[in-house]
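Sequence positions in the sequence shown follow our numbering and run 77 to 323. Backbone N, C-alpha and C fix where the C-beta goes; we use that ideal spot for every residue, glycine too. A quick note: this is a predicted structure, and the numbers were derived from the prediction, not measured. Structure record follows, encoded as structure tokens.
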Amino acid sequence: MALGIIGGTSLFDTKLLGDVMIERNWRVVKTEYGTVHLNLFSTIDSQEIVFLPRHGKDRNIPPHRINYKANIRAFKDLGIMEIIGITSVGSLKYSIKPQSLIVPHDYISLGSGPTYYDYELVHVTPCLDEGLRKHIIGAARDAGIEIIERGVYFQTTGPRLETKAEINFMKDYADIVGMSMASEATLAREAGLRYADISTVDNYAHGIIDGEALDYTEIVEAASKNMARLESVLQRLMEVIPHIPTD
Ligand code: HPA
Numbered sequence: 077m078a079l080g081i082i083g084g085t086s087l088f089d090t091k092l093l094g095d096v097m098i099e100r101n102w103r104v105v106k107t108e109y110g111t112v113h114l115n116l117f118s119t120i121d122s123q124e125i126v127f128l129p130r131h132g133k134d135r136n137i138p139p140h141r142i143n144y145k146a147n148i149r150a151f152k153d154l155g156i157m158e159i160i161g162i163t164s165v166g167s168l169k170y171s172i173k174p175q176s177l178i179v180p181h182d183y184i185s186l187g188s189g190p191t192y193y194d195y196e197l198v199h200v201t202p203c204l205d206e207g208l209r210k211h212i213i214g215a216a217r218d219a220g221i222e223i224i225e226r227g228v229y230f231q232t233t234g235p236r237l238e239t240k241a242e243i244n245f246m247k248d249y250a251d252i253v254g255m256s257m258a259s260e261a262t263l264a265r266e267a268g269l270r271y272a273d274i275s276t277v278d279n280y281a282h283g284i285i286d287g288e289a290l291d292y293t294e295i296v297e298a299a300s301k302n303m304a305r306l307e308s309v310l311q312r313l314m315e316v317i318p319h320i321p322t323d
């Protein structure tokens with residue numbers, strides 16, 4: 077049994093996931109949609125953890141150019157049926173403070189996201205996997221880490237951040253904003269894989285706090301600061317995940 081983790085660039089710096097700098101831990105997986113670099117980093121409690129860096133092994137693929145179809149397909153080809161996404165987000169609500177962790181229960185993605193059904197009339201009904209969500213929440217509880225158990229994720233295409241007017245619009249319908257989770261969740265659903273997400277709230281979205289300008293470097297710095305709490309949840313999650321019942 078193996079668990080897939082798709083993480084952003086900040087996960088590179090965690091020791092929890094083994095040493096991603098070691099070349100021999102990397103595998104190249106060729107899928108019909110493209111080539112993916114995966115890090116086979118560790119086995120915890122006979123659980124193999126496979127880490128896919130969303131922005132590529134060299135951390136240089138911007139959100140709108142990520143090959144989501146190849147990424148999700150690589151897990152399926154390896155027989156990995158459960159994926160946890162780790163995403164960095166901005167908060168759309170004053171009450172959801174930067175440094176919070178949140179497990180979204182739903183999402184909005186109004187643009188045309190990636191699909192495996194370009195040439196067939198198939199319409200999946202998207203959702204996040206409730207069983208995996210519950211496990212993330214339980215793992216956080218076990219680890220004594222506060223986590224927000226629900227929230228609606230609004231996906232933008234990036235790479236730019238949002239205008240104040242866009243955020244003002246989104247905040248009535250969603251709780252957090254990011255650039256990748258909806259694409260992964262939808263493709264996982266299409267591929268028949270279970271997917272849930274932990275979002276690290278790394279900033280207030282543009283204009284949520286009056287007079288506060290947004291700077292991407294500050295967001296990246298905040299993401300590394302959130303790391304210790306995220307690591308505790310992941311550590312516990314890896315211990316419990318082999319026991320997840322399939323629903
Ligand atoms: N907007 C979009 N994506 C993000 C943000 C944001 O404010 N913060 C982290 N990822």
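key: Anticipated Cβ contact below 8 Å, Gly187 with Arg130, distance rounded   = That belief does not hold up - the Cβ atoms of Gly187 and Arg130 are roughly 18 Å apart, past 8 Å.
query = Among the residues of its own chain, which have a CB less than 6 Å from the CB of Asp323, if the five just before and after it don't count?
reply = With a pLDDT of 48 at Asp323, under the threshold of 50, the modelled position of that residue is not reliable, and the figure given next carries that caveat. For Asp323, where only same-chain residues beyond five positions count, the Cβ hits under 6 Å are Gly207.
message = Report the CB separation of Gly268 from Ile252 in whole angstroms; it is logged as a contact under 8 Å.
response = That belief does not hold up - the Cβ atoms of Gly268 and Ile252 are roughly 26 Å apart, past 8 Å.
request  = Would you mind reading off the limits of the beta strand (DSSP E) that contains Arg175?
outcome  = A quick correction: the sequence has Gln, not Arg, at residue 175. That residue, Gln175, is in no beta strand (DSSP E); it is neither H nor E in DSSP.
request  = Just tell me which of Lys240, Glu297, Tyr193 and Tyr183 has its CA closest to the CA of Tyr271.
outcome  = Selected option, being the one with the closest Cα: Tyr183.
message = Strictly by DSSP, which residues pair up with Val165?
response = Answer is Val277.
message = Within 8 Å, do at least three Cβ pairs link the region 161-174 to the region 243-262?
response = The answer is yes - the region 161-174 touches the region 243-262, with three or more Cβ pairs under 8 Å.
task = Examine the ligand HPA and report whether any of its heavy atoms sits within less than 7 Å of the Cβ of Met246.
result = Outside the cutoff, so no.
query = When we look at the beta-carbon of His199 and count the other beta-carbons within 10 Å, is it buried (16 or more) or exposed?
reply = An exposed status is given to His199, since fewer than 16 other beta-carbon atoms sit within 10 Å of its beta-carbon.
request  = Could you tell me the boundaries of the beta strand (DSSP E) in which Val104 lies?
outcome  = Residues Trp102 to Thr107.
ask   = What does a CB cutoff of less than 6 Å around Arg312 pick up in its chain, not counting 5 residues either side in sequence?
value = The beta carbon of Arg312 sits closer than 6 Å to those of Ala215, Asp218 and Ala219, all from its chain and outside the five residues before and after it, given in chain order.
task = Could you tell me whether any non-hydrogen atom of the ligand HPA is closer than 7 Å to the CB of Lys186?
result = Checking the sequence, you will find Leu at residue 186 rather than Lys. False, no ligand heavy atom lies under 7 Å from that Cβ.
message = Less than 6 Å between C-beta atoms, sequence neighbours within five positions excluded: which residues of the same chain meet that for Cys203?
response = Only residues of its own chain outside the window of five on either side were considered, and among them none has a CB closer than 6 Å to the CB of Cys203.
message = For a test of the three-state rule: what should DSSP assign to His211, helix, strand or coil?
response = In the three-state DSSP reduction, His211 falls in the helix class (H, G or I).
task = Return helix, strand or coil for His113, following the three-state DSSP convention.
result = His113 falls in the strand class under three-state DSSP.
ask   = Under the three-state reduction of DSSP, which class applies to Glu238: helix, strand or coil?
value = DSSP places Glu238 in coil when its eight states are reduced to three.
query = Of the choices Phe127, Glu266, Ser86 and Arg100, whose alpha-carbon is the least far from that of Thr201?
reply = Thr201 has its Cα closest to that of Glu266, out of Phe127, Glu266, Ser86 and Arg100.
key: Cβ-heavy atom distance, Val228 to the ligand HPA, below 7 Å   = No.
query = Between the Cα of Pro174 and the Cα atoms of Thr239, Val277, Ile221 and Asp291, which residue gives the shortest distance?
reply = Closest by alpha carbon: Val277.
task = State the DSSP-derived secondary structure class of Pro138, mapped to helix, strand or coil.
result = The answer is coil: DSSP assigns Pro138 none of H, G, I, E or B.
query = Which residues bound the alpha helix (DSSP H) around Val296?
reply = Residues Tyr292 to Lys301.
message = Applying the 10 Å Cβ sphere with the 16-neighbour rule, what's the burial state of Thr262?
response = Thr262 should be labelled buried.
7 Å Cβ shell around Ser308 - same chain, five flanking residues per side excluded = Beyond the five residues adjoining it in sequence on each side, Ser308 comes within less than 7 Å, by CB distance, of Ala219 and Ile221 in the same chain, given in chain order.
inquiry  = Taking the alpha-carbon of Glu238 as reference, which of Tyr195, Leu290, Glu196 and Phe88 has the nearest alpha-carbon?
reply    = For the residues Tyr195, Leu290, Glu196 and Phe88, the minimum Cα distance to Glu238 belongs to Leu290.
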